[in-house]
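Worksheet for the structure shown next.
In our numbering, the protein residues as written are 122 to 485.
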């Protein structure tokens with residue numbers, strides 16, 4: 122029989138690792154080597170058992186102290202090998218990993234499901250905030266039966282689970298409890314179903330709800346409205362509503378966090394000589410000074426004219442990207458073309474005109 126590996130080596134942690142680090146390390150290995158994810162893999166099953174055994178010792182302060190002092194041979198028969206009963210101590214871990222950690226008491230309510238609403242708003246609505254009325258279907262408690270699903274208020278013990286609300290089956294080498302598929306974890310069944318909801322306890326109805334979209338919200342952000350999801354079954358708590366925001370594209374602006382970006386088309390003369398131009402921002406018209414010698418691609422930042430920071434009074438900036446606007450020859454008159462030819466001569470640059478420009482020059 123092979124010699125047992127050091128428990129710290131098994132979990133890949135140092136000997137002074139804290140409880141949270143040990144738990145995190147075990148969680149990682151449990152996910153990696155769980156038999157359900159590695160069917161018919163004896164090596165993975167062995168590693169899974171080994172990690173579970175190491176965690177059962179190192180997560181217990183008294184066992185860990187004995188192990189640190191004596192190793193595997195504690196003087197009292199040593200530490201035992203893998204024992205499936207140790208999974209009772211790992212309910213928080215295994216529940217997160219494999220979905221059976223949450224248990225509902227027989228007869229208890231079933232929580233309602235969370236809902237998602239995708240809301241499209243404009244660039245400006247995201248910047249300034251807006252109120253919108255949402256309309257969506259959701260399962261709501263049936264009023265005639267009070268959500269019980271029973272016409273006469275009577276129920277009987279579920280034959281499938283015997284009233285426990287759970288059924289158990291063997292999964293690999295340990296037993297797993299699942300919610301009873303017949304009574305949905307309630308433990309009891311209805312003898313005379315409600316004629317309105319047909320025993321479901323809930324009906325689908327249209328919900329209308331006004332929601333406030335805060336100024337500064339960005340694409341993909343979500344607002345969680347507590348208790349506005351589907352109603353629970355048999356007194357269970359309601360779910361939540363997630364409103365996911367989508368921004369429609371803007372014809373002039375682009376957004377980067379709280380900054381607004383826009384192109385500023387300038388002529389050659391404006392870039393070389395400098396100019397003062399009017400620019401439209403989200404908040405109105407601003408006069409911007411273009412320094413002489415400005416190069417295409419240069420950025421000009423107008424402070425405080427961008428998107429508000431969420432729930433604060435501060436705002437981002439309006440960022441202008443200077444570009445050279447090159448007109449087509451047909452957009453210029455003869456005087457402008459002559460000046461460009463003269464400029465080319467002064468610069469010693471050879472230019473080549475198109476056929477239409479040449480003909481236009483000959484017959485002028």
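Even for Gly, the Cβ is constructed at its ideal location relative to N, Cα and C.
Predicted model, so just to flag it, every value in this text is computed and none were measured.
Residue i - DSSP class collapsed to helix/strand/coil
| i | result |
| --- | --- |
| residue 135 | coil |
| residue 450 | helix |
| residue 473 | coil |
| residue 369 | coil |
| residue 328 | strand |
| residue 178 | helix |
| residue 238 | strand |
| residue 141 | helix |
| residue 126 | coil |
| residue 272 | coil |
| residue 339 | coil |
| residue 161 | coil |
| residue 289 | strand |
| residue 386 | strand |
| residue 218 | Only weak support exists for where residue 218 lies, its pLDDT of 46 falling under 50; the value from the coordinates is given anyway. In this structure, residue 218 counts as helix in the three-state DSSP scheme. |
| residue 468 | helix |
Exposure label - residue i; buried when at least 16 CB within 10 Å
| i | result |
| --- | --- |
| residue 174 | buried |
| residue 471 | exposed |
| residue 271 | buried |
| residue 287 | buried |
| residue 338 | buried |
| residue 426 | buried |
| residue 466 | exposed |
| residue 488 | No answer is possible for residue 488: it lies beyond the span of the chain, which begins at 122 and ends at 485. |
| residue 411 | buried |
| residue 405 | exposed |
| residue 388 | exposed |
| residue 376 | buried |
| residue 390 | exposed |
| residue 190 | exposed |
| residue 448 | exposed |
| residue 433 | exposed |
| residue 135 | exposed |
| residue 417 | exposed |
| residue 310 | buried |
| residue 429 | buried |
| residue 290 | exposed |
| residue 226 | The predicted model places residue 226 with a pLDDT of 48, which falls under 50 and marks its position as unreliable; any figure quoted below should be read in that light. When all chains shown are included, residue 226 counts as exposed. |
| residue 307 | buried |
Opposing strand residues paired with residue i [DSSP bridges]
| i | result |
| --- | --- |
| residue 312 | Paired residue(s): none; residue 312 is not in a bridge. |
| residue 252 | 333 |
| residue 303 | In DSSP, residue 303 forms no bridge with anything. |
| residue 362 | 236 and 346 |
| residue 377 | 380 |
| residue 258 | 327 |
| residue 444 | 386 |
| residue 298 | 289 |
| residue 354 | 231 |
| residue 193 | Note: residue 193 sits in no beta bridge, so no partner. |
Separation of residue j from residue i, as counted between CA atoms
| i | j | result |
| --- | --- | --- |
| residue 250 | residue 186 | 58 Å |
| residue 369 | residue 252 | 17 Å |
| residue 490 | residue 278 | Outside the modelled stretch of the chain, which goes from 122 to 485, sits residue 490, for which no answer is possible. |
| residue 240 | residue 399 | 34 Å |
| residue 438 | residue 244 | 15 Å |
| residue 363 | residue 335 | 15 Å |
| residue 468 | residue 444 | 22 Å |
| residue 260 | residue 351 | 5 Å |
| residue 133 | residue 142 | 10 Å |
| residue 324 | residue 262 | 6 Å |
| residue 153 | residue 165 | 8 Å |
| residue 267 | residue 312 | 16 Å |
| residue 357 | residue 235 | 13 Å |
| residue 146 | residue 179 | 11 Å |
| residue 242 | residue 366 | 7 Å |
| residue 182 | residue 129 | 14 Å |
| residue 139 | residue 275 | 53 Å |
| residue 454 | residue 423 | 35 Å |
| residue 488 | residue 282 | Any answer about residue 488 is impossible in this case: the structure gives the chain only from 122 up to 485. |
| residue 319 | residue 304 | 15 Å |
| residue 212 | residue 360 | Here residue 212 scores only 44 on pLDDT, less than 50, and its place in the model is too uncertain to base an answer on. |
| residue 329 | residue 315 | 26 Å |
| residue 156 | residue 162 | 7 Å |
| residue 397 | residue 442 | 15 Å |
| residue 435 | residue 231 | 44 Å |
| residue 415 | residue 345 | 47 Å |
| residue 301 | residue 177 | 30 Å |
Practice problem: Ignoring anything shorter than 3 residues or poking outside the segment 388–436, list the beta strand (DSSP E) runs there in chain order. | Solution: Complete beta strand (DSSP E) runs here, min 3: 396–402, 405–411 and 420–423.
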